[in-house]
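Encoded as structure tokens, the structure appears first; notes follow it.
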Amino acid sequence: DAGVIQSPRHEVTEMGQEVTLRCKPISGHDYLFWYRQTMMRGLELLIYFNNNVPIDDSGMPEDRFSAKMPNASFSTLKIQPSEPRDSAVYFCASSLWQGTQYFGPGTRLLVL
Amino acid sequence: KNEVEQSPQNLTAQEGEFITINCSYSVGISALHWLQQHPGGGIVSLFMLSSGKKKHGRLIATINIQEKHSSLHITASHPRDSAVYICAVSPQGGSEKLVFGKGTKLTVNP
Numbered sequence: 562d563a564g565v566i567q568s569p570r571h572e573v574t575e576m577g578q579e580v581t582l583r584c585k586p587i588s589g590h591d592y593l594f595w596y597r598q599t600m601m602r603g604l605e606l607l608i609y610f611n612n613n614v615p616i617d618d619s620g621m622p623e624d625r626f627s628a629k630m631p632n633a634s635f636s637t638l639k640i641q642p643s644e645p646r647d648s649a650v651y652f653c654a655s656s657l658w659q660g661t662q663y664f665g666p667g668t669r670l671l672v673l
Numbered sequence: 026k027n028e029v030e031q032s033p034q035n036l037t038a039q040e041g042e043f044i045t046i047n048c049s050y051s052v053g054i055s056a057l058h059w060l061q062q063h064p065g066g067g068i069v070s071l072f073m074l075s076s077g078k079k080k081h082g083r084l085i086a087t088i089n090i091q092e093k094h095s096s097l098h099i100t101a102s103h104p105r106d107s108a109v110y111i112c113a114v115s116p117q118g119g120s121e122k123l124v125f126g127k128g129t130k131l132t133v134n135p
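Read top to bottom, the protein sequences are chains R and B. Be aware that the first sequence starts at 562, since it is given in the working numbering, and climbs by one per residue. Be aware that the second sequence starts at 26, since it is given in the working numbering, and climbs by one per residue.
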């Protein structure tokens with residue numbers, strides 16, 4: 562299996578622009594997680610899905626952030642409008658129920 | 026206070042040394058995870074445990090549920106073990122979410 566796939570790997574954008582991050586989970590995994598990592602706060606859960614349904618979005622910072630999972634093999638995390646404080650590494654991970662989480666390589670986002 | 030505390034924050038060792046990284050947590054958990062993040066940024070799950078001890082190669086993870094404490098040990102450390110080691114817990118209650126510690130940065134010098 563190719564593992565969890567994320568795109569793009571790097572994104573540089575200007576404040577106010579829309580940013581869309583993409584994730585393809587491991588085939589057969591029914592849980593998908595979006596995390597954000599910063600130097601100050603470490604790793605934080607933003608949202609997770611089970612069978613394409615959002616289960617816990619309490620970590621989504623504000624209305625500028627939205628996540629969707631239209632099918633079992635694809636999810637997006639969108640930031641609109643982006644701000645410099647959104648600069649971070651965003652990880653997607655997938656798992657089976659109560660299983661090991663497998664992380665993607667991350668998307669390094671820089672908002673100028 | 027963070028729900029998951031790790032110590033030390035930074036650790037420097039000489040090749041061959043025995044290394045211990047500690048993790049304490051304050052909530053009831055269903056499982057504890059140890060993750061490894063190399064300088065390139067990728068995150069790999071090392072262990073998931075809910076009791077006792079697990080061993081994989083030179084890595085050993087232990088957990089004491091009563092004391093809410095876990096340790097990650099590395100025997101015969103090697104420069105390639107240099108990475109950030111992150112402790113995370115799955116809180117009780119059926120949620121699949123992880124709560125993370127801040128990580129321990131390990132540097133092993135040759």
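We treat Cβ as the ideally placed atom computed from N, Cα and C, and that holds for glycine.
- In the DSSP assignment, Leu71 (chain B) falls within the beta strand (DSSP E) that extends over Ile68 to Leu74.
- Each residue's CA atom was taken as its position, placing His58 (chain B) and Cys48 (chain B) some 10 Å apart.
- Contacts with chain R at 7 Å (Cβ-Cβ) include Phe125 (chain B).
- If you look at Trp595 (chain R), you'll find it in the beta strand (DSSP E) that goes Tyr592 to Thr599.
- Against chain R, a Cβ distance below 8 Å from Gly66 (chain B) picks out Val650, Pro666, Gly667 and Arg669.
- Along the segment 604-636 of chain R, going in chain order, the ones with a CB nearer than 9 Å to a CB of chain B are Leu604, Glu605, Leu606, Tyr609, Asn611, Ile616, Asp617, Ser619 and Gly620.
- For the pair of segments examined, the segment 28-42 of chain B was found not to touch the segment 649-658 of chain R: the number of CB pairs separated by less than 8 Å stays below three.
- Contact annotation: in the segment 88-121 of chain B, residues whose CB is within less than 9 Å of a CB in chain R are Ile111, Ala113, Ser115, Ser120 and Glu121.
- Under the three-state reduction of DSSP output, Arg646 (chain R) falls in the helix class.
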